[in-house]
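A.B. asks: Going by this note's numbering, the sequence shown opens with residue 1, and the numbers climb by one from there. Virtual Cβ for every residue (Gly too), placed ideally from N, Cα, C. Predicted, not measured: the structure shown is a model, and the values here were computed from it.
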Amino acid sequence: MINIILNRTNFNEEWAYEYLHDILTADMHVLIMPLFADEGWADDSAAFAQKYHRGSRTYEKIAGPFHAYQITDEQIQWFNPYLDDRHALQSRLQSSSLIYLIGNDPDDMMECIEDKEIQDDLRNYAGIFMSNASGSKIMMDEYASDHAWNQESGRGLGILQGFSLETGYIEDEKHLHRMIRSIEEKGRAVFGCPDKAGILIRDGHYDLMGDAFICSDEDLDHLYQAYEDARSRQEYYGDNGGW
Numbered sequence: 001m002i003n004i005i006l007n008r009t010n011f012n013e014e015w016a017y018e019y020l021h022d023i024l025t026a027d028m029h030v031l032i033m034p035l036f037a038d039e040g041w042a043d044d045s046a047a048f049a050q051k052y053h054r055g056s057r058t059y060e061k062i063a064g065p066f067h068a069y070q071i072t073d074e075q076i077q078w079f080n081p082y083l084d085d086r087h088a089l090q091s092r093l094q095s096s097s098l099i100y101l102i103g104n105d106p107d108d109m110m111e112c113i114e115d116k117e118i119q120d121d122l123r124n125y126a127g128i129f130m131s132n133a134s135g136s137k138i139m140m141d142e143y144a145s146d147h148a149w150n151q152e153s154g155r156g157l158g159i160l161q162g163f164s165l166e167t168g169y170i171e172d173e174k175h176l177h178r179m180i181r182s183i184e185e186k187g188r189a190v191f192g193c194p195d196k197a198g199i200l201i202r203d204g205h206y207d208l209m210g211d212a213f214i215c216s217d218e219d220l221d222h223l224y225q226a227y228e229d230a231r232s233r234q235e236y237y238g239d240n241g242g243w
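See the structure below:
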């Protein structure tokens, strides 16, 4: 099994290309799955089509990086969470060699998956998984919610297990606290994935792409020091410890 964990849609850049050029090949077929909670508005489907149609800024941002690997638009399909049902997904999965999970909120993504009852279809998929940000989080057995008020772990698909993941990583109080908690309370190593970073997992072996990193109990002293530094910055500068 191959999993490509990303933070952003910048996998066409050199830091990713050197690892992925022999995996993302010109003969493959891609299924892009933006997943959102259904708010029940009648125009949700039309808004989706307007935002993600070929040639739109959003389309190019998401699908465009595949062009660096000679994968054309004709080889890319989309799953519309407002129109497509489980049967439509099953048909597309059969003709796809890679699925790309994207979204803005892991809780909303899991709600969409559960509403459409497609958990097992995704878990049993035998092709390549690619995901970014929230999509990467739901690949895990559990994930940290994006909402500050929610301190409980969300339940993901469980396709990846045994470690924790911090996408969108910056060295601030929030991320460092979660990393320390994961190591100390759960005994899990933590992969950090900043903007220019990704993790390639292939048959149990992982490669850290770009600025990706891993922390374990051996790194706790460094993490605590970084946490205290981040708290000091936040108290002095505000805005979550930024300079």
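(1) Should H251 be labelled buried (16 or more other beta-carbon atoms within 10 Å of its own) or exposed?
(2) Classify E117 as buried or exposed, calling it buried when 16 or more other Cβ atoms lie within 10 Å of its own Cβ.
(3) Any idea what DSSP makes of R155, helix, strand or coil?
(4) Who pairs with P106 in a beta bridge, going by DSSP?
(5) Which residues does DSSP list as the beta-bridge partners of A144?
(6) DSSP puts R188 in a beta bridge; with which residues?
(7) Judging by CA-CA distance, which residue of R202, G168, L223 is the nearest neighbour of A189?
(8) With distances taken Cα to Cα, identify the nearest neighbour of E14 among D211, R233, Y237.
(9) Quick check on DSSP: helix, strand or coil for G241?
(10) So, R123 versus L157, is the Cβ gap smaller than 8 angstroms?
(11) Check this for me: beta carbons of S97 and H21, under 8 angstroms apart or not?
(12) Can you give me the Cβ contacts of A226 inside the same chain, cut-off strictly under 8 angstroms, excluding the 5 residues immediately before and after it?
(13) In the DSSP output, what is M130 paired with across the bridge?
(14) Among D108, L24, I99, N80, whose alpha-carbon lies nearest the alpha-carbon of F129?
(15) In angstroms with no decimal places, state the Cα-to-Cα distance between I180 and S134.
(16) To which residues of the same chain is Q70 closer than 7 angstroms at the C-beta, ignoring the five residues directly before and after it?
(17) For E74, report the span of its alpha helix (DSSP H) as first-last.
(18) Skipping 5 residues on each side, what residues in its chain have a beta carbon closer than 7 angstroms to that of F11?
C.D. replies: Let's see:
(1) With the chain running from 1 to 243 in the structure shown, residue 251 is simply not present.
(2) exposed
(3) strand
(4) Answer is none; P106 lacks a bridge partner.
(5) S153
(6) Looking at the DSSP assignment, R188 forms no beta bridge with any residue, so it has no partner.
(7) L223
(8) D211
(9) Model confidence at G241 stands at a pLDDT of 46, short of 50, so the residue's coordinates are unreliable; what they give is reported in the following sentence. Helix, per DSSP.
(10) yes
(11) no
(12) E171, L176
(13) I4, Y100
(14) I99
(15) 21 angstroms
(16) A26
(17) First-last for E74: undefined, no H or E at that position.
(18) L20, P65, G198
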